[in-house]
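Asks: This is the structure I want to talk about, given as structure tokens.
There are 2 protein chains.
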Amino acid sequence: MNPTLVEVTRGGRIESVHRGAAVVVDTDGRVIFAAGDAESEIYPRSAAKPLQALPLVASGAAEQFGLTDAEIALACGSHAGQPEHVSVAESMLRKAGRDASSLECGVHWPLGEAAARGLAACGGLPTALHNNCSGKHAGFICLACQRRLDPTGYVRPEHPVMREVTAALAAATAATLDDSHLGIDGCSIPTFALPLRALATGFARLGTGHHLSPSLAQASARIRTAIAANPLMLAGTDRFDTRIATTYGEAVLCKCGAEGTAAAAIPELGIGLAIKIDDGAGRAVEVAMASLLLRFLADSHVDREELGQLVNSPLRNWNGLTVGRLRAC
Amino acid sequence: MNPTLVEVTRGGRIESVHRGAAVVVDTDGRVIFAAGDAESEIYPRSAAKPLQALPLVASGAAEQFGLTDAEIALACGSHAGQPEHVSVAESMLRKAGRDASSLECGVHWPLGEAAARGLAACGGLPTALHNNCSGKHAGFICLACQRRLDPTGYVRPEHPVMREVTAALAAATAATLDDSHLGIDGCSIPTFALPLRALATGFARLGTGHHLSPSLAQASARIRTAIAANPLMLAGTDRFDTRIATTYGEAVLCKCGAEGTAAAAIPELGIGLAIKIDDGAGRAVEVAMASLLLRFLADSHVDREELGQLVNSPLRNWNGLTVGRLRAC
């Protein structure tokens, strides 16, 4: 039974609770801190995106197509579908000689409510470019084109591009990613169940390059720089991952995923962090991750106010009244 | 520790779980079925709306202002902000000689994503009429006007209108609703913490009129008829409460609220049902309520296909692929 990580209060009472597991490891995967079951297998979902982007850089595709830092950051992101995100995804595809018709991620309205309403206000309809995963998919297509492969079917586990992505994920996490661990993600690519501790290990290595091949280590450094320089590409205006990247730059790389998953690296400490909320709540994983970061970030780096706000924030109602709190336990 | 009521699967594994409590009682509040802690105090939130609408009818205000069944149903609803909802709320206020400026519920974009985008596409901005609680609030204002009271401040616990609403809630649920149980709801009115069993008792009585005063009993019958005749007013297109009311008419009155709450009545059986999901997930309370209804509805009434779909439904990704399930335990 995992412990309660986050509470929602109202009128002085606890209204709802979120249980989950959290783990912090070094680059060898040794546990430094754990709450709940760190060995349970979870689907990392979009928390794995920065690891899945490693081959894009390590292959030389990013260099060959002259991808900018913003484009590499978008390949690691779950974006809000803002106009900036759409144009960067489009640019990535154009550089590979492709367009949105090559994307196999599916179509949805922008995750960002303001972006969705903005698109509607212009009489627009969403395309695959608005899918929150379009940057990641554009990266896969760049990788296919650099390898002179037909991108068609790149979302399938057996496509050479997806094999390369899975191999990088396995190398970083040291997890077994076979068919028995296979699930299908929201954007149709594989998501492999792996121990929460392995996800944290992957991020410890992403943050340091330790235990990675030279090309993957070099790619991880480029990815860290790219994200730190382009926080907006990782998520969107006012979104959690973007706020963390904006405040902490290269000191913290944090990526949330669907169903209450998140992973982070603190390169200076050589550690990786991972959290899974049992019930899949995004609001809870953000609070829990902020709390875990606050615990481990060296004092010198800490903008305690930003993390403090995220760890214990007021819940305001439609009239702006504070009616409760969302807080880490 | 409450049991797992709902599971989310992916690739054959359980990805997320939702714990909670569920209880079914008769009109005396005697427990017929319980899973988890039925005595724990929960904020009923919008699940209490049909009970909070009792004074609107019992007072004679609905009759005096000639409120239609659609208007009474909207007073019990958490609507999606569709154009139909906005115009019905506006009509209620007009009948009381008021307009949207009297509403104290606050402003938010329509809960229904399509409604929000539709409003944006017309260059519109939301008003208090789009607030999902505008029908309930319009009902409070009608009650104030019928009582020849200034509606100003009607959201506060000490306003005579809110006292009357709280008294009806206390009469139906037999719960103590004093200051020590007070929380503030999203729309600024009080929400009183009460035992889950008491919420179910209130719905058993709402469904039958038993143990209610003659005027409240008569009001409950009018409310049941009004909702059954206007399912759309209770929630919105394709929303859970609307689907249940559309399929089952007067055989089931079901109302969900924020933070994973729901209550229902099956009048023919003289029972009330209530559920609270520990983590507050709306997706889970719908599945759990569908499962509980399926267990108790007499075979003659059951459209098993509709409930069966709600109890165990496929999760589809952006490409329409089935990637998992959302199912009751």
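Heads up: the protein sequence lines correspond to chains A and B, in order.
If you're matching positions, the first sequence starts at 1 in the working numbering and goes up one per residue.
If you're matching positions, the second sequence starts at 1001 in the working numbering and goes up one per residue.
We put the CB at the ideal spot given by N, CA and C, even for glycine.
Return the residue from the list Val1107(B), Gln1146(B), Met1001(B) that minimises the CA-CA distance to proline 1055(B).
Replies: What you label residue 1055(B) is simply residue 55 of the second sequence in a count that begins at 1. If we check each option's Cα against that of proline 1055(B), Gln1146(B) comes out closest.
Asks: Which residues of the region 1108-1119 of chain B have a Cβ closer than 9 Å to any Cβ of chain A? Give them in chain order.
Replies: For the region 1108-1119 of chain B, which is checked against every Cβ of chain A, the residues closer than 9 Å are His1108, Trp1109, Glu1113, Ala1116, Arg1117, Gly1118, Leu1119.
Asks: Have a look at arginine 1197(B) and leucine 1182(B) and give me their C-alpha separation to the nearest angstrom.
Replies: Residue 1197(B) sits at position 197 when you count from the first residue of the second sequence. Residue 1182(B) sits at position 182 when you count from the first residue of the second sequence. Looking at the two C-alpha atoms, the distance is approximately 18 Å.
Asks: Is the region 214-224 of chain A touching the region 46-63 of chain A in the sense that three or more CB pairs, one from each, lie closer than 8 Å?
Replies: A contact exists between the region 46-63 of chain A and the region 214-224 of chain A.
Asks: Which full runs of the alpha helix (DSSP H) of 4+ residues lie inside the region 1121-1193 of chain B, going along the chain?
Replies: Runs found: 1134-1146, 1160-1173.
Asks: Give the straight-line distance between the Cα atoms of alanine 128(A) and alanine 80(A), rounded to the nearest whole angstrom.
Replies: Within the first sequence, the letter at position 128 stands for residue 128(A). Within the first sequence, the letter at position 80 stands for residue 80(A). In a straight line, the C-alpha of alanine 128(A) is about 13 Å away from that of alanine 80(A).
Asks: Just how far apart, CA to CA, sit alanine 219(A) and alanine 58(A)?
Replies: The sequence position of residue 219(A) within the first sequence is 219, counting from 1. The sequence position of residue 58(A) within the first sequence is 58, counting from 1. Roughly 5 Å separates the two Cα atoms.
Asks: Measuring only the C-alpha atoms, how far is threonine 242(A) from arginine 1094(B)?
Replies: The residue labelled residue 242(A) in the question sits at position 242 within the first sequence. The residue labelled residue 1094(B) in the question sits at position 94 within the second sequence. C-alpha separation (whole angstroms): 46 Å.
Asks: Closer than 8 Å: is that where the CB of valine 1107(B) sits relative to any heavy atom of the ligand ADP?
Replies: Looking for the ligand ADP in the displayed structure turns up nothing, as the structure carries no ligands at all.
Asks: Taking its Cβ as the centre, do 16 or more other Cβ atoms sit within 10 Å of threonine 185(A), making it buried, or is it exposed?
Replies: Counted from its first residue, the first sequence places residue 185(A) at position 185. Per the sequence shown, the amino acid found at residue 185(A) is aspartate instead of threonine. So aspartate 185(A) ends up on the buried side.
Asks: Below 8 Å, how does it come out for the region 1199-1212 of chain B and the region 1269-1287 of chain B: are there three or more Cβ pairs, yes or no?
Replies: Yes, the region 1199-1212 of chain B is in contact with the region 1269-1287 of chain B.
Asks: Check whether the region 133-148 of chain A and the region 70-85 of chain A are in contact - that is, three or more C-beta pairs closer than 8 Å.
Replies: Cβ pair count under 8 Å is three or more, so yes.
Asks: Pop quiz: arginine 19(A) and threonine 4(A) are said to be a contact at Cβ under 8 Å. What is the actual Cβ separation, rounded to whole angstroms?
Replies: On the first sequence, position 19 is the one that residue 19(A) refers to. On the first sequence, position 4 is the one that residue 4(A) refers to. So it is a contact: roughly 5 Å between Cβ atoms.
Asks: State yes or no: is the C-beta of proline 1293(B) within less than 9 Å of the C-beta of valine 1252(B)?
Replies: The residue labelled residue 1293(B) in the question sits at position 293 within the second sequence. The residue labelled residue 1252(B) in the question sits at position 252 within the second sequence. Here residue 1293(B) is leucine; the residue named in the question, proline, does not match the sequence. In this structure, valine 1252(B) lies closer than 9 Å to leucine 1293(B) by Cβ.
Asks: What does the Cβ neighbour count give for aspartate 1279(B), buried or exposed, with the cut at 16 atoms within 10 Å?
Replies: Position 279 of the second sequence, counted from the first residue, corresponds to residue 1279(B). Buried, by the Cβ-count rule.
Asks: Taking valine 1287(B) as part of the alpha helix (DSSP H), name the residues at either end of that continuous run.
Replies: Locating residue 1287(B) in the second sequence gives position 287, where the first residue counts as 1. Segment 1282-1296, the alpha helix (DSSP H) holding valine 1287(B).
Asks: Relative to the C-alpha of isoleucine 1189(B), which candidate in Val1006(B), Gly1139(B), Pro1083(B) has its C-alpha closest?
Replies: For this step, residue 1189(B) is matched to residue 189 along the second sequence. The shortest Cα separation from isoleucine 1189(B) among Val1006(B), Gly1139(B), Pro1083(B) belongs to Gly1139(B).
Asks: Using the Cα positions of proline 1195(B) and alanine 1170(B), report the straight-line distance between them to the nearest angstrom.
Replies: Along the second sequence, one-based indexing puts residue 1195(B) at 195. Along the second sequence, one-based indexing puts residue 1170(B) at 170. In a straight line, the C-alpha of proline 1195(B) is about 12 Å away from that of alanine 1170(B).
Asks: Return helix, strand or coil for arginine 30(A), following the three-state DSSP convention.
Replies: Along the first sequence, read from residue 1 onward, the residue named residue 30(A) stands at position 30. The answer is coil: DSSP assigns arginine 30(A) none of H, G, I, E or B.
Asks: Which residues bound the beta strand (DSSP E) around proline 231(A)?
Replies: Locating residue 231(A) in the first sequence gives position 231, where the first residue counts as 1. Per DSSP, proline 231(A) belongs to no beta strand (DSSP E); it is in the alpha helix (DSSP H), 231-234.
Asks: Please list the terminal residues of the continuous beta strand (DSSP E) segment that includes serine 1313(B).
Replies: As a first step, residue 1313(B) is located in the second sequence; it is residue number 313 there, counting from the start. Per DSSP, serine 1313(B) belongs to the beta strand (DSSP E) from 1312-1316.
Asks: How big is the Cα-Cα spacing for threonine 1225(B) and proline 1231(B)?
Replies: Position 225 of the second sequence holds residue 1225(B). Position 231 of the second sequence holds residue 1231(B). When rounded, the distance between both Cα atoms is 10 Å.
Asks: Should threonine 1237(B) go down as buried or exposed, given a rule of 16 or more other Cβ atoms within 10 Å for buried?
Replies: As a working mapping, residue 1237(B) is identified with position 237 in the second sequence. Under this definition threonine 1237(B) is an exposed residue.
Asks: Label alanine 1298(B) either buried or exposed according to how many other C-beta atoms from any shown protein chain fall within 10 Å of its C-beta, with 16 as the threshold for buried.
Replies: Along the second sequence, one-based indexing puts residue 1298(B) at 298. Looking at its Cβ environment, which holds fewer than 16 other Cβ atoms inside 10 Å, alanine 1298(B) is exposed.
Asks: In the region 69-125 of chain A, which residue ranges form an unbroken beta strand (DSSP E) of at least 3 residues, counting only runs that do not cross its ends?
Replies: Listed in chain order, nothing qualifies, since the region 69-125 of chain A has no complete beta strand (DSSP E) run of 3 or more residues.
Asks: Can you check DSSP and say which residues form a bridge with glutamate 7(A)?
Replies: As a working mapping, residue 7(A) is identified with position 7 in the first sequence. Looking at the DSSP assignment, glutamate 7(A) forms a beta bridge with Val17(A), Arg327(A).
Asks: State buried or exposed for arginine 30(A), treating a residue as buried only when at least 16 other CB atoms are found within 10 Å of its CB.
Replies: Along the first sequence, read from residue 1 onward, the residue named residue 30(A) stands at position 30. So arginine 30(A) ends up on the exposed side.
Asks: Which two residues bound the contiguous alpha helix (DSSP H) that contains alanine 1204(B)?
Replies: One-based indexing of the second sequence puts residue 1204(B) at position 204. First-last of the alpha helix (DSSP H) with alanine 1204(B): 1196-1208.
Asks: Buried or exposed: where does proline 1044(B) fall if 16 or more other Cβ atoms within 10 Å of its Cβ makes it buried?
Replies: Taking the second sequence and counting its residues from 1, the one referred to as residue 1044(B) is at position 44. Answer is buried; the Cβ neighbour count reaches 16.
Asks: Please confirm whether lysine 255(A) and alanine 47(A) have their CB atoms less than 9 Å apart.
Replies: Here residue 255(A) corresponds to residue number 255 of the first sequence, with the count starting at 1. Here residue 47(A) corresponds to residue number 47 of the first sequence, with the count starting at 1. A contact, by the Cβ cut-off of 9 Å.
Asks: Do we get a CB-CB distance below 9 Å when we pair glutamate 15(A) with the residues of chain B?
Replies: Within the first sequence, numbered from 1, the residue matching residue 15(A) stands at position 15. For glutamate 15(A), the answer is yes, since a Cβ of chain B falls inside 9 Å of its Cβ.
Asks: Measure how close the beta-carbons of valine 287(A) and valine 6(A) come, nearest whole angstrom, since I'm counting them as under 8 Å.
Replies: In the first sequence, counting from the first residue as 1, residue 287(A) sits at position 287. In the first sequence, counting from the first residue as 1, residue 6(A) sits at position 6. That pair is a contact at about 5 Å.
Asks: Give me whichever residues DSSP pairs with threonine 225(A) in a beta bridge.
Replies: Stepping through the first sequence from its first residue, residue 225(A) is reached at position 225. Its beta-bridge partners do not exist; DSSP assigns none.
Asks: For valine 1252(B), which three-state DSSP category applies?
Replies: On the second sequence, residue 1252(B) is found 252 positions in, with the first residue counted as 1. Three-state DSSP puts valine 1252(B) in coil, outside helix and strand.
Asks: At a Cβ threshold of 9 Å, is cysteine 256(A) touching chain B?
Replies: Within the first sequence, residue 256(A) is the residue found at index 256, counting from 1. Not one chain B Cβ lies under 9 Å of cysteine 256(A).
Asks: Return the residues of the region 17-43 of chain A that lie within a Cβ-Cβ distance of less than 9 Å from chain B, sorted by chain order.
Replies: Cβ contacts with chain B come from Val17, His18, Arg19, Glu41, Ile42, Tyr43.
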